[in-house]
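So the structure is just underneath, and the comments pick up after that.
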Amino acid sequence: MEEYQGYAFSVAFRILCDEDEARDVVQEAFIRIWSSLPRYNRELKFTTWMYSIVAHLCFDKLRTRKKRRTTALEAVDPSLLANVAAEHNPERLYSNKELASTIEMLTEKLPPKQKIIFVLRDLQGLSVREVSDILRLSESSVKTNLVYARRFLREQLTPFISD
Amino acid sequence: MPGDSSVNNLPHSFQIEMPMECARFRKAMYLRKDELEPGEWTEFQLHLTTCTACAATYLEIERTQEALARLKNRTPHSTNPVAMANAVIGEIERDRARKTSAGVYDMIVLRLGLPSVRLAIASVLTFVCVSFLVEYTSGYVHVKGLESSMGTYSSSQSDMSAPFLAQTDAAEVVSDLSRFAMGKKSFFEVSGNWVMINKKSIEDFILLYNELQSIAPKLPPDFRAAHPQLWKLLTKKKDARELDALLKERTSLIRELNDLIPQERKIP
Chain R
650 MEEYQGYAFS VAFRILCDED EARDVVQEAF IRIWSSLPRY NRELKFTTWM
700 YSIVAHLCFD KLRTRKKRRT TALEAVDPSL LANVAAEHNP ERLYSNKELA
750 STIEMLTEKL PPKQKIIFVL RDLQGLSVRE VSDILRLSES SVKTNLVYAR
800 RFLREQLTPF ISD
Chain Y
828 MPGDSSVNNL PHSFQIEMPM ECARFRKAMY LRKDELEPGE WTEFQLHLTT
878 CTACAATYLE IERTQEALAR LKNRTPHSTN PVAMANAVIG EIERDRARKT
928 SAGVYDMIVL RLGLPSVRLA IASVLTFVCV SFLVEYTSGY VHVKGLESSM
978 GTYSSSQSDM SAPFLAQTDA AEVVSDLSRF AMGKKSFFEV SGNWVMINKK
1028 SIEDFILLYN ELQSIAPKLP PDFRAAHPQL WKLLTKKKDA RELDALLKER
1078 TSLIRELNDL IPQERKIP
């Protein structure tokens, strides 16, 4: 259980950029998994099903908190983006707080759906097919959302990338 | 710059000037090799060799992707995974306990499903029905006996009609109720002590009582022995006004109904 819990936490954390909220979502997701086990479709990979539950819970959280979070982010240090853009010490361990701030700075203006697709594909490393299964979207829709998200992120990061 | 996403911010006339070939790859530029069809990827790579502007944009995109890949390698760590797992297990246990400890209503429904409980309920219902039938039948027999006595007497007195006829057919109870509800019947017996009655029936009852009182002296001596209660009632000296007053004292409903009787039709 701890192994799956780790995956679930990683996704929830990267989407929500908040450790406490991610922990709540993981807890809620595993309770839902437990209560929905009799209805589990065995043709679907367990991780896909788990990610699906986590992603939908995160989607709900993102929608409800959108306005609440915007003011709190103004204090985030933009140098974090510079660190991502030009990494001098790849071995450095980042705290959860730093990581959350960095991802949040990059993705806070993305619509929830694009943000989740970006996290699942580019940060979690899932295939387009898996992402489409998790979010119940067509592969072309996933790709289109990825294009928009990556274009936006490029605009965010380009100023910090040195020649 | 051809192929650059910033062309979206340019006026429409400038966008039209972007080469058609570059516009085709504007989306493909942001997708990786495994996200494009094999033919699309080859075509795009070929285009990059011929278009320096798109090649420059693509290089920029690649560098962004490399930066994001570094971000991918930074995995968040759960501060206390064991505690989180325990919290989940605890919540699941509580949820399971909630589901197994049914509420009062669930318990009743659950119990009703047991064969022994269903048998007990059926037995109680049977007992109630049998009791009702026994009580009703005994009353029926009593009324029939009374009717028979009265009928025998009235047949011996050829000039006198039967003083009253009792409604004794059990099958007509339901139709009586519906007739009463529709206003086609003056009363309906609710129980041994309560009768639903309309104001007209109160008048009729008082008239009938007076009539029975007048008949009473002509009843044979054996009637008195067979029906002492009825005899006592019929021979008791009580005029209609006193009876009316007595009825008024009984219940507010009867009082109200009696008040509705038109003054000119009141029993003197």
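If you're matching them up, the sequences are chains R and Y in order. Our numbering puts the first residue of the first sequence at 650, with every later residue one more than the last. Our numbering puts the first residue of the second sequence at 828, with every later residue one more than the last. Glycine included, C-beta positions come from ideal geometry on N, C-alpha and C.
Within 7 Å, strictly: CB atoms of residue i and residue j
i, j, result
"residue 912(Y)", "residue 676(R)", "no"
"residue 773(R)", "residue 797(R)", "no"
"residue 658(R)", "residue 671(R)", "yes"
"residue 701(R)", "residue 783(R)", "yes"
"residue 777(R)", "residue 791(R)", "yes"
"residue 891(Y)", "residue 803(R)", "yes"
"residue 732(R)", "residue 766(R)", "no"
"residue 710(R)", "residue 759(R)", "no"
"residue 903(Y)", "residue 706(R)", "no"
"residue 771(R)", "residue 895(Y)", "yes"
"residue 752(R)", "residue 688(R)", "no"
"residue 745(R)", "residue 652(R)", "no"
"residue 875(Y)", "residue 882(Y)", "yes"
"residue 938(Y)", "residue 931(Y)", "no"
"residue 788(R)", "residue 697(R)", "no"
"residue 712(R)", "residue 761(R)", "yes"
Where residue i sits in the DSSP three-state scheme
i, result
"residue 994(Y)", "Interpretation of residue 994(Y) is limited by its pLDDT of 47, a score under 50 that renders its predicted location unreliable; the figure taken from the coordinates is listed afterwards. Coil at residue 994(Y), not helix or strand."
"residue 919(Y)", "helix"
"residue 902(Y)", "coil"
"residue 798(R)", "helix"
"residue 854(Y)", "coil"
"residue 988(Y)", "Residue placement at residue 988(Y) is poorly supported in this model, since its pLDDT is 45, which falls under 50; the coordinates still yield a value, given next. In the structure shown, residue 988(Y) sits in coil (DSSP, three-state: anything other than H, G, I, E or B)."
"residue 773(R)", "coil"
"residue 971(Y)", "helix"
"residue 691(R)", "coil"
"residue 863(Y)", "coil"
"residue 758(R)", "coil"
"residue 1009(Y)", "coil"
"residue 1034(Y)", "helix"
"residue 684(R)", "helix"
"residue 808(R)", "helix"
"residue 744(R)", "coil"
"residue 940(Y)", "coil"
"residue 890(Y)", "helix"
"residue 666(R)", "coil"
"residue 785(R)", "coil"
"residue 907(Y)", "coil"
"residue 878(Y)", "coil"
"residue 1046(Y)", "coil"
"residue 655(R)", "helix"
"residue 720(R)", "Its pLDDT being 46, under 50, residue 720(R) is placed unreliably in this model, and the coordinates cannot settle the point."
Distance cut-off 6 Å: residue i Cβ against heavy atoms of the ligand MN
i, result
"residue 1001(Y)", "As far as ligands go, the structure on display features none, and thus does not contain the ligand MN."
Integer-rounded CB distance, given that residue j should sit under 8 Å from residue i
i, j, result
"residue 699(R)", "residue 682(R)", "6 Å"
"residue 856(Y)", "residue 884(Y)", "6 Å"
Where the region 886–898 of chain Y meets chain R: residues whose CB sits under 7 Å from a CB there
887, 888, 890, 891, 894, 895, 897 and 898
Mind listing which residues of the region 856–869 of chain Y have their C-beta closer than 7 Å to chain R's C-betas, in chain order?
857, 858 and 862
Give me the subset of the region 661–674 of chain R whose CB atoms are less than 8 Å from a CB atom of chain Y, sorted by chain position.
662, 663, 668, 671 and 672
Positions along the region 683–696 of chain R whose CB lies within less than 9 Å of some CB in chain Y:
683 and 684
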